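Enquirer: Residue 269 in our numbering sits at position 248 of the sequence shown, and the numbers go up by one each step.
Shown below is the structure under consideration.
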Amino acid sequence: MKTRRPRADPGRRARRWLIAGYRLGVLAAVFLCLHRVHVSRMERRSGDLDPAQVLAQVQSFLPAAATIGSPSGDDRLLPVLDAAGEPVGWVAQTFPESGPITGYAGPSNLLVVFDNDRRVAGVGLVGSADTAGHVAKVMADGGFVNQWTSRSQASLGAPSEPVIVSGASQTSEAMARGLAARFGASGMDRWFPEGIDLETIRPCFPAAAGVQGTRVVAADGRMLGTVLRSVDMGVAVRGFQGIQDVLVCLDPEEKTIVGVFLAGSRDNPPYTRDVGDALKFEAPFAGMPVADVAALETGSTVMVSGASRTAEAVEDTVKEMLRRHFAPPLAPPDPFGWREAIALSWIVAGLVIGLGPLRGRPRVRAGFAVVSVVAGGLWLGLMTGQDQWIKSAMRGSVAGVAIPLLALTAAAIVIPAIFGKNVYCSQLCPHGAAQQWMGKLTTRRIALPRKLHRVLLAMPWTTLGALWLLAFLGLSIPFADAEPFEVWSTGFIAMVPVAIFLAGLALATVLPQAYCHYGCPTGAVLKFLTSAPGRWTRRDAIAGGVVLIAWLTRIFA
Ligand code: SF4
């Protein structure tokens, strides 16, 4: 006679799902909180102005200045206060907006000091990655640094023709662009913002009516040829003082160069003019087969006496542009090869064993532990841990994480919450499996005193709490050092993980799964997800409370 399976209690099932959802939600809330804290810390860091560093400069423009306060508004201006705490002006730096705007060799961070009416009292320097000589020359130029004096804060973001310092034009223009960018101007990091002027390429394509991408077309849509633009291709060869905006025109078959032109330049104007004229009137590249360009010797084609550096930069730019244009497209990296397929098969096999009837068979478990150690650990080096979790939380993304590691992490976190079974620890984790086998080496066992056992049981939670607290505080320690997992992929390199690795395996011979019980922070999280499925426990209340505190301190920080 067939026996009927008792029907699952729907209330119990719902409770189970609710608790599983709550626990995963707690985890997600911690991840999200760390991400938000990290992002706002990064934003603050890039916009921080050290008052102690700039106070003397501020005082040179506002003699009554005694201290600098904290930023109060969206425009991130810091109040400047006198000895009585009364405001006497405002101060700002041009970073982070000026960061992407490179002068001769790097970006500069200017200090802009305002009076109480928010009119510029003076401009100074916070720091620069540009060449020291150029920076000194620019900052010593009164015409440059005083060009903003008395202008209102609101007018600084309006595009205008800045005063440029001759002999340091690139550096001074980058500084001026950076200042405009800081106060709202857009596109300041594009040195050649205009499109291709048809008149420039008309000598090569008299019937040109437009440019579509790199195709030059006539009024009736006929393709006349190709035009390549260096700034669009990211080719920036520096001449005497700056880069050029080079146009290379090709015939419709793209076999021959029909002309090369300078559409713009950040180089020394006389050199630019001479080289531009040579390209236009002497047309040294015209008729040259594309195939021959790669073999050209630098300095052999554009001959302009007195402007050789600029001319050579144009030659190198043309060579690089053609190399990139005709380079075969890179084959996309194979995101899924046989190694990944084996890794996923191992994970699936572990899940099948851990969730199915084979779970209770000691021989299957012991056999699969060998697979996990050899394939998952020694060969693939696949393990999920706090370093990976914390870094993904900070980034707010799992992009770039290899698919097998992603699948392993998902299996480790989601399966315990849903099925109440910690399959990762019981079947997949190579370090757990290695401890299993170490435990078989001897029959000798030691029993820890009850008190010590209780104290040690708190270790994984303490380590977990400490790691995440340090991450929340922004202290960049090597989180991977707190666990032994990295040793499986990198070998015996870092001292602390190696010590944890060896000590854990040695202890496992007399204390079964010693590291799992008394050391592993990742195991602690998985235990929290697995424990008492469908039942609200003290741990749930504590975890919820901790997350609430994390979010509240984030809001009030
Ligand atoms: S407790 Fe830690 S070391 Fe042990 S099996 Fe789980 S993740 Fe691996």
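Here a beta-carbon is modelled for each residue, glycine too, at the ideal position from N, C-alpha and C.
Fair warning: this is a prediction, and the values are worked out from it, not measured in the lab.
#1: On the CB-based measure, 16 or more other CB atoms within 10 Å of its CB, does D30 come out buried or exposed?
#2: Is the beta carbon of L45 sitting closer than 9 Å to the one on T115?
#3: Touching or not, the region 417-434 and the region 338-348, by the rule of three or more beta carbon pairs under 8 Å?
#4: Please state if the CB of A304 and the CB of G280 are separated by a distance shorter than 9 Å.
#5: Are the Cβ atoms of V144 and L131 separated by less than 9 Å?
#6: Relative to the ligand SF4, what is the chain-ordered list of residues with a Cβ closer than 7 Å to any of its non-hydrogen atoms?
#7: Go through its chain and collect everything with a Cβ distance to I217's Cβ below 8 Å, but skip five positions before and after it.
#8: Just the C-alpha distance for P224 and G327, rounded to the nearest angstrom, thanks.
#9: Considering only C-alpha positions, which residue in the set G555, G148 and R97 is nearest to A41?
#10: Going straight from the alpha carbon of W38 to that of G358, what length do you get?
#11: Are the beta-carbon atoms of S171 and V141 separated by less than 9 Å?
#12: For D248, list the residues DSSP reports as bridge partners.
#13: What residues match up with D136 in a beta bridge as DSSP calls it?
#14: Can you tell me which of E361, N289, A228 and G375 puts its alpha carbon nearest to the alpha carbon of A334?
#15: Skipping 5 residues on each side, what residues in its chain have a beta carbon closer than 8 Å to that of Q456?
#16: Let's see if you can read the secondary structure: which residues bound the alpha helix (DSSP H) around Q80?
#17: Taking 9 Å as the cut-off, decide whether the C-beta atoms of Q168 and L98 are in contact.
#18: Can you tell me which of the three DSSP states P542 falls into?
#19: Does T530 come out as helix, strand or coil in the three-state DSSP assignment?
#20: So the candidates are G297, L317, R559 and L271; which of them puts its Cα closest to the Cα of A307?
#21: Could you tell me whether the Cβ atoms of K158 and A189 are closer together than 9 Å?
#22: Using three-state DSSP, classify Q233 as helix, strand or coil.
#23: For P13, which three-state DSSP category applies?
#24: Taking the C-alpha atoms as reference points, what is the distance between E274 and D253?
#25: Taking 7 Å as the limit between beta carbons, can you name the residues of its chain near L573, skipping five residues before and five after?
#26: In terms of alpha-carbon separation, which member of E341, L379, P542 and A428 lies closest to L365?
#27: Taking a contact to mean a Cβ-Cβ separation below 9 Å, would you say A454 touches G544 in this structure?
#28: Excluding sequence positions up to five away, which residues of its chain have a Cβ less than 6 Å from the Cβ of D295?
#29: Say whether chain B places a C-beta atom closer than 9 Å to the C-beta of A390.
#30: When you compare only the Cα positions, how much space is there between A370 and I122?
#31: Please report the distance separating the alpha-carbon of I222 from that of D266.
#32: When you compare the CB positions of W410 and V392, do they come within less than 9 Å of one another, or not?
#33: Under 9 Å, do M480 and G540 count as touching if we go by C-beta distance?
#34: Name, in chain order, the residues that DSSP records as bridge partners for P310.
#35: Pick helix, strand or coil for A433, following the three-state DSSP scheme.
#36: Rounded to whole angstroms, what is the Cα-Cα separation between A432 and S207?
Expert: Once the coordinates are examined:
#1: exposed
#2: no
#3: Proximity of the region 417-434 to the region 338-348 falls short of the contact definition, fewer than three beta-carbon pairs being nearer than 8 Å.
#4: yes
#5: yes
#6: Y445, C446, C450, H452, G453, Q456, Q534, Y536, C537, C541, T543, G544 and L547
#7: V232, V248, R250, L268 and A284
#8: Cα to Cα, the separation comes out at about 26 Å.
#9: Ranking G555, G148 and R97 by Cα distance to A41 puts G555 first.
#10: 36 Å
#11: Yes, Cβ-Cβ distance for S171 and V141 is below 9 Å.
#12: Note that residue 248 corresponds to Val in the displayed sequence, not to Asp. V248 is bridged to C270.
#13: G110
#14: Between A334 and the set E361, N289, A228 and G375, the nearest pair of CA atoms involves N289.
#15: G525, L526, A529, P533, Q534, A535, Y536 and C537
#16: P72 to F82
#17: no
#18: helix
#19: In this structure, T530 counts as coil in the three-state DSSP scheme.
#20: L271
#21: Cβ distance < 9 Å, so K158 and A189 count as in contact.
#22: strand
#23: With the chain covering only 22 through 578, there is no way to say anything about residue 13.
#24: 21 Å
#25: When the five nearest sequence neighbours on each side are left out, no beta carbon in the same chain lies closer than 7 Å to the beta carbon of L573.
#26: Per the Cα distances, A428.
#27: Going by C-beta atoms, A454 is not nearer than 9 Å to G544.
#28: V325 and A328, listed in sequence order.
#29: Of the chains in the structure shown, none is chain B; there is only one protein chain.
#30: Looking at the two C-alpha atoms, the distance is approximately 53 Å.
#31: 13 Å
#32: no
#33: yes
#34: T277
#35: Note: A433 maps to helix in three-state DSSP.
#36: Whole-angstrom Cα-Cα distance: 46 Å.
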